[in-house]
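Participant:
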Amino acid sequence: MTDLLYSETEDDLRAAVRSLVAARGDTTALAGRAEAGSPYDPRLWNSLAAEMGAAGLLVPEKLGGQGASHREAAVVLEELGRGVVAAPYLTSSVVATQALLALDTGTEAVAALLAELAEGRRTAVVAVPLSAAPDGPLPDGSGRITGVADAATADVLLVLRADGLYAVEAAQAVVEPQTSFDLTRPLAAVTAGEGGTRLADAAAGTAAVRRGLLAGAGLLASEQLGLAEWCLEETVRHTAERHQFNRPIGSFQALKHRMAQLWLEVVSARAAARAAADALAAGSPEAALSVAVAQAYCSRVAVHAAEECVQLHGGIGMTWEHPAHLYLKRAKADEIALGTPGRHKEAVAALVDLQAP
Amino acid sequence: MTDAAELLDLTRKLLAAHPPATTDRDDFLKARFDAGLAWVHFPEGLGGLGAPRSLQAVVDAELAAAGAPDNDPRRIGIGLGMAAPTILKYGSQEVKERFLRPLWTGEEVWCQLFSEPGAGSDLAALGTRAVRDEGSGDWTVTGQKVWTSSAHVARWAILIARTDPDLPKHRGITYFICDMTDPGVEVRPLRQITGEAEFNEVFLTEVRIPDAHRLGGVGEGWKVAQTTLNNERVAIGGMRLPREGGMIGPIARTWRERPELRTHDLHQRLLTLWVEAEVSRLAGERLRQQLVAGQPGPEGSAMKLAFARLNQEISGLEVELLGEEGLLYDDWTMRRPELVDFTGRDAGYRYLRSKGNSIEGGTTEVLLNIVAERVLGLPSEPRNDKDVAWKDLAR
Ligand SMILES: Cc1cc2nc3c(=O)[nH]c(=O)nc-3n(C[C@H](O)[C@H](O)[C@H](O)COP(=O)(O)OP(=O)(O)OC[C@H]3O[C@@H](n4cnc5c(N)ncnc54)[C@H](O)[C@@H]3O)c2cc1C
Chain A
37 MTDLLYSETE
47 DDLRAAVRSL
57 VAARGDTTAL
67 AGRAEAGSPY
77 DPRLWNSLAA
87 EMGAAGLLVP
97 EKLGGQGASH
107 REAAVVLEEL
117 GRGVVAAPYL
127 TSSVVATQAL
137 LALDTGTEAV
147 AALLAELAEG
157 RRTAVVAVPL
167 SAAPDGPLPD
177 GSGRITGVAD
187 AATADVLLVL
197 RADGLYAVEA
207 AQAVVEPQTS
217 FDLTRPLAAV
227 TAGEGGTRLA
237 DAAAGTAAVR
247 RGLLAGAGLL
257 ASEQLGLAEW
267 CLEETVRHTA
277 ERHQFNRPIG
287 SFQALKHRMA
297 QLWLEVVSAR
307 AAARAAADAL
317 AAGSPEAALS
327 VAVAQAYCSR
337 VAVHAAEECV
347 QLHGGIGMTW
357 EHPAHLYLKR
367 AKADEIALGT
377 PGRHKEAVAA
387 LVDLQAP
Chain B
88 MTDAAELLDL
98 TRKLLAAHPP
108 ATTDRDDFLK
118 ARFDAGLAWV
128 HFPEGLGGLG
138 APRSLQAVVD
148 AELAAAGAPD
158 NDPRRIGIGL
168 GMAAPTILKY
178 GSQEVKERFL
188 RPLWTGEEVW
198 CQLFSEPGAG
208 SDLAALGTRA
218 VRDEGSGDWT
228 VTGQKVWTSS
238 AHVARWAILI
248 ARTDPDLPKH
258 RGITYFICDM
268 TDPGVEVRPL
278 RQITGEAEFN
288 EVFLTEVRIP
298 DAHRLGGVGE
308 GWKVAQTTLN
318 NERVAIGGMR
328 LPREGGMIGP
338 IARTWRERPE
348 LRTHDLHQRL
358 LTLWVEAEVS
368 RLAGERLRQQ
378 LVAGQPGPEG
388 SAMKLAFARL
398 NQEISGLEVE
408 LLGEEGLLYD
418 DWTMRRPELV
428 DFTGRDAGYR
438 YLRSKGNSIE
448 GGTTEVLLNI
458 VAERVLGLPS
468 EPRNDKDVAW
478 KDLAR
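From first to last, the protein sequence lines stand for chains A and B.
Just so we're aligned, residue 37 is where the first sequence starts under my numbering, counting upward by one.
Just so we're aligned, residue 88 is where the second sequence starts under my numbering, counting upward by one.
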C-alpha cells in the first residue's frame, strides 16, 4: 500500500535540513548572490550534500551512497522549496543521479561518477532544457542546448548524442549563462558536441535520461509543496500581524477564506507529492501515473500559493526586498520545469485511457 | 454643443496650421491643447470644448492618421488620469490655468502621495501632518509616503495629509498640490519584483505648501480623494483599446506565429481569456459611453477588477505557453523607469508587473468591498474605527 505519511527517519532528516536552511538560507543574501552572478552558497551545499549525505540518498550503499530512497530525497526537496534554496539538488542529486543509476552501474565510469555525486564532491546535470518532460522530445547533444538548469556550476554534463550518452567534463564544454526568470535556479546554454566518456548506447542512454526526468518530475512536486507551504505560513503570519481599519487584516473573512482554501490545496498537494515519492521509491508500476498526477496538481498549487502570498501582502509583496518574489519566480518556473501541468495531464490521459476527442 | 463633424473640422484646421511633419512636438501639443482638442470634454480654455467625452475618439483617430505626436500617456498617467479630473473639479480658476496645460502636454509629470506605510487599504488612517501657519494661512507638511510611482520624475504631486488629528479619521484630512522640488521632499527608490524601481518612498520634512494649492475645503480631503480614486480605477482599468489591444495582444500574436507551441489545453484556456478580454473591452466602452462628460462612480471599479484579473491570467498563460523561453527574463538590472507599460517588455515582465494591478489604486479585495457596499448596497462589516478621533486609534 502506498505510504503517504512521513517516517521518523524522514522527520529527523527534515529537521536537520530545516535547521541548516534556517542557519544559512538568508534570502536577502541569496538575491544578492543571484544578481552578482551565482545564487549558490557553496558552504550550504557542502553541509547538505557532503556532511549530511543528502546528495547520496538515492544511491545504494555499495555504490557509495546512503541507500535511502525517493521518499527521503523528497523530504529534502520540501525543505529546499520552503527556503527557495539555490542548490543543484534536483538537477544533480535527483535527475542526473537517477539517470546514472538507470545505466549499467557495473561500468567503471558510471560507478565512479555516481560515487562522486553521492559524496557531494562533484555535481552533474543532464544537458536538457529545464522544461523537458519525461516523455517529451529531447535535444540532440551535438548542438547547443539552451535552458539547462544549474549547468554553470556543474562539474560534469551528461550529454545525449546520436550514438550514446556521454559524460563530458564541464571544462571541455562551452557553458553560457542565461538570464533566468527564476533567480534561484540559473539556466545556461550548453555546447558539448564532442568528447567525453561514452557511458551507454543511444537507446540505453535515452531510457536513462527519461528515467532521471521522471524521478525529477515526481520529486519536484515535493519542492512545490514546500514552497507552497512557506507561502501560506508567511501569509498567515503577515495577515495576523498587519493592521488596517483598526484590526488585523487576517480577521477579514474574505482573506481567511482565501488562506483556508490554500490550506486545503496544500494538504492535497502533500498527498499527491507523497504518493509520487513513494511510488518512485517502490519502483511501482504506478510510478508514471503518480508522477503525472503530482505534477499536474502541485505545479498549480505552488503558483497559486505564491500569487496569493504576493497579493495578501499588498505593496510590500511587490518589492524586491521581501522574499515573496523569489518564491513567485521559483513557483512559476517550476510550473514549466520537467513538463507543464498540461503536458502531465496528457500523460494522465494516455495512462488511464481518457483519450482526447 | 460640439458635434463630430465640427470636431473633425477643428482637428483638420489644427493639422493644417501646425503640420506634424514640420512642427516641434511640444509646440504641437500646446497648440492642440489651446484648440480645445486635448480632452474635448474639458471646458473651453482648459484644453477642451465641453463636448461629449465619447467624441475624443474622433479627434484621436484623425490625429493618429495624420501622424501627429501624442502626449505619451504612459509617462503621465497619474497626471492625466488622477490629478487632472481632481483639479478640474476642485481647483480654483488660477490653479486650473496654471496646472492643466503642462500636465496634459507632459511638460510636468505628476505623482500621487497618498499611501503610507501604515495606511494602504485603510488610506484614511494616514498620518502625514499638515500644519497651518496662522499668519500666512500656508501649510507645513511632514510625514512619510510609500509606493509612490514616478516620484523620481515628478514635478508636482497630489497629496493628502492630516490637518486635524482630533477628528475621526475620514474628517481630518485635507488635499493639496505639493511641489516635488521643495527642499523638504526626499525621494528614495523602492525596487520592485520586476527588478526596476518604478515606485519610491517619499519623505516629507517641513514641506511648504501655499494655501492656494489646497484642493477643496480644509478637512474635506477624503471627499476630494474619492474623485481621484474613482478616476484612478477607471484610468487603470478602463483605457480605450482596440480589439486585442491589451494584454491579450502579445499572446494572440505568439499563438498565430508559433504553431509548434500549441496544445489543446492551452488553446481552450486562451480562447476563454480572449472572450473575456473582448467582453471586458466592450464593458469599458459601455462605461465610457455612460460617463459622457461626468465623473465616474464606484461602478468604475468593476473595470479595474476585470483588468487586473485578466492581465494576471493572460500573462501567466503566456509564460506557460512559451515554455522553455518562459523560463528566461530580459533583464533584472535595477533602473528607475520614466514610464510604465503593463504590456511592454517580455512575458516574464508582464507576468510580474501585472501582479501589481490588483494592488495599486486600491486592492481587488477593497474594490470588491466597494462594489458590495456602494453598488449593491450591502451592509458594511461592523466597524470600530469610524467615529473615533484619529489620534486615539491604535497604531
Ligand atoms: C505597483 C504599485 C504602484 C503604486 N503606486 C502608488 C502611488 O503612486 N501612489 C500611492 O499613493 N500609492 C501607490 N500604491 C500603493 C497602493 O495603493 C497600496 O499598496 C494599496 O492600497 C494596498 O495597501 P498596502 O500595500 O498597505 O496593503 P494592505 O492594505 O496592508 O493590504 C494587504 C492585504 O490585505 C487586504 N485587505 C486590506 N483590507 C481589507 C479588507 N477590509 N477586506 C479584505 N481584504 C483587505 C488587501 O486587499 C491586501 O490583499 C502602489 C502600489 C503598487 C503595488
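The beta carbon of each residue, even a glycine, is placed where N, CA and C say it ideally should be.
Check whether the stretch 125-141 of chain A and the stretch 235-252 of chain A are in contact - that is, three or more C-beta pairs closer than 8 Å.
Facilitator: In this structure the stretch 125-141 of chain A lies against the stretch 235-252 of chain A, because at least three pairs of beta carbons, one per stretch, are closer than 8 Å.
Participant: Please identify the residue among B:Arg-295, B:Val-233, B:Leu-213 and B:Glu-221 whose C-alpha is closest to the C-alpha of Ile-260 of chain B.
Facilitator: B:Leu-213
Participant: Please identify, using Cβ separations under 8 Å, the residues of the stretch 321-346 of chain A that lie next to chain B, in order along the chain.
Facilitator: Val-339, Glu-343 and Val-346
Participant: Under 8 Å Cβ to Cβ from Thr-242 of chain A, same chain only, skipping five residues before and after it: list those, please.
Facilitator: Leu-174, Leu-196 and Leu-201
Participant: Where does Gly-252 of chain A land, buried or exposed, given buried means 16+ other C-beta within 10 angstroms?
Facilitator: buried
Participant: Applying the 10 Å Cβ sphere with the 16-neighbour rule, what's the burial state of Thr-315 of chain B?
Facilitator: It is buried - the Cβ of Thr-315 of chain B has at least 16 other Cβ atoms within 10 Å.
Participant: For Met-354 of chain A, tell me which candidate among B:Ala-92, B:Ser-441, B:Asp-479 and B:Val-218 has the shortest Cα-Cα distance.
Facilitator: B:Ser-441
Participant: Within the present structure, is the beta-carbon of Thr-173 of chain B separated from the nearest heavy atom of ligand 1 by less than 8 Å?
Facilitator: Not a single heavy atom of ligand 1 lies less than 8 Å from the C-beta of Thr-173 of chain B.
Participant: Tell me which residue opens and which closes the alpha helix (DSSP H) that Tyr-125 of chain A is part of.
Facilitator: Run containing Tyr-125 of chain A: none; DSSP gives neither H nor E here.
Participant: Since Asp-140 of chain A contacts Ala-160 of chain A with CB under 8 Å, what's their CB separation in whole angstroms?
Facilitator: Their Cβ separation, rounded to whole angstroms, is 17 Å, which puts Asp-140 of chain A and Ala-160 of chain A out of contact at 8 Å.
Participant: Quick one: which residues of the stretch 369-384 of chain A get their C-beta closer than 9 Å to a C-beta of chain B? List them in chain order.
Facilitator: Ala-369, Glu-371, Ile-372, Ala-373, Thr-376, Pro-377, Gly-378, Arg-379, Lys-381 and Glu-382
Participant: What residues in the stretch 345-357 of chain B have a beta carbon less than 9 Å from any beta carbon of chain A?
Facilitator: Thr-350, His-351, Asp-352, Leu-353 and Arg-356
Participant: At the level of alpha carbons, what is the spacing between Pro-337 of chain B and Thr-430 of chain B?
Facilitator: Rounded to the nearest angstrom, the two C-alpha atoms are 8 Å apart.
Participant: For His-279 of chain A, does the three-state DSSP call read helix, strand or coil?
Facilitator: strand
Participant: Which residues of chain A have a Cβ atom closer than 9 Å to the Cβ of Asp-418 of chain B, listed in chain order?
Facilitator: Thr-215
Participant: Report the CB separation of Leu-166 of chain A from Ala-373 of chain A in whole angstroms; it is logged as a contact under 8 Å.
Facilitator: 5 Å
Participant: Should Val-406 of chain B be flagged as near chain A, meaning a C-beta pair shorter than 9 Å?
Facilitator: Yes, contact with chain A.
Participant: Just checking Cys-265 of chain B against ligand 1 - is the residue's beta carbon closer than 8 Å to any of the ligand's heavy atoms?
Facilitator: no
Participant: Looking at Cys-334 of chain A and ligand 1, is the gap between the Cβ and the nearest heavy atom below 8 Å?
Facilitator: no
Participant: Using 10 angstroms around the beta-carbon of Pro-469 of chain B, count the other beta-carbons present and answer buried if the total reaches 16, otherwise exposed.
Facilitator: exposed
Participant: Going by the C-beta, is Ala-160 of chain A closer than 8 Å to any heavy atom of ligand 1?
Facilitator: Flag unset: Cβ of Ala-160 of chain A not near ligand 1.
Participant: In three-state DSSP terms, what is Asn-398 of chain B?
Facilitator: helix
Participant: Evaluate Thr-275 of chain A with the Cβ neighbour count: other Cβ atoms within 10 Å of its Cβ, from every protein chain shown; 16 or more gives buried, anything less gives exposed.
Facilitator: buried
Participant: Considering Cα atoms alone, identify which of A:Glu-371, A:Leu-390 and A:Pro-222 is closest to Tyr-76 of chain A.
Facilitator: A:Pro-222
Participant: If you measure beta-carbon to beta-carbon, which residues of the stretch 158-192 of chain A are closer than 9 Å to chain B?
Facilitator: Pro-165, Leu-166, Ser-167, Ala-168, Thr-182, Gly-183 and Ala-185
Participant: Given a threshold of 16 other Cβ atoms within 10 Å of its Cβ, counted over all protein chains shown, does Asp-111 of chain B qualify as buried or as exposed?
Facilitator: exposed
Participant: List the residues of chain A that Ile-165 of chain B touches, going by C-beta distances under 8 Å, in chain order.
Facilitator: Simply none; closest approach about 16 Å.
Participant: Answer yes or no: does any C-beta atom of chain B fall closer than 9 Å to that of Thr-227 of chain A?
Facilitator: no
Participant: What separation, rounded to the nearest whole angstrom, lies between the Cα atoms of Gln-280 of chain A and Gln-347 of chain A?
Facilitator: 15 Å
Participant: Give me whichever residues DSSP pairs with Cys-198 of chain B in a beta bridge.
Facilitator: B:Ala-244
Participant: Measure the Cβ-Cβ separation of Gln-260 of chain A and Asp-370 of chain A and say whether it is below 9 Å.
Facilitator: yes
Participant: Please find out if some non-hydrogen atom of ligand 1 comes closer than 8 Å to the beta-carbon of Cys-198 of chain B.
Facilitator: yes
Participant: Taking contact to mean at least 3 C-beta pairs separated by less than 8 Å, is the stretch 293-313 of chain B in contact with the stretch 407-419 of chain B?
Facilitator: no
Participant: Out of B:Trp-234, B:Pro-466 and B:Thr-359, which one is the CA nearest neighbour of Gly-449 of chain B?
Facilitator: B:Trp-234
Participant: Determine the extent of the beta strand (DSSP E) in which Ile-163 of chain B is found, giving its start and end residues.
Facilitator: Premise fails: Ile-163 of chain B is in no beta strand (DSSP E) and is neither H nor E.
Participant: Cβ closer than 7 Å: which chain B residues qualify as neighbours of Met-354 of chain A?
Facilitator: Within chain B, the residues whose beta carbon sits less than 7 Å from that of Met-354 of chain A are Gln-279, Ile-280, Lys-442, Gly-443 and Ile-446, listed in sequence order.
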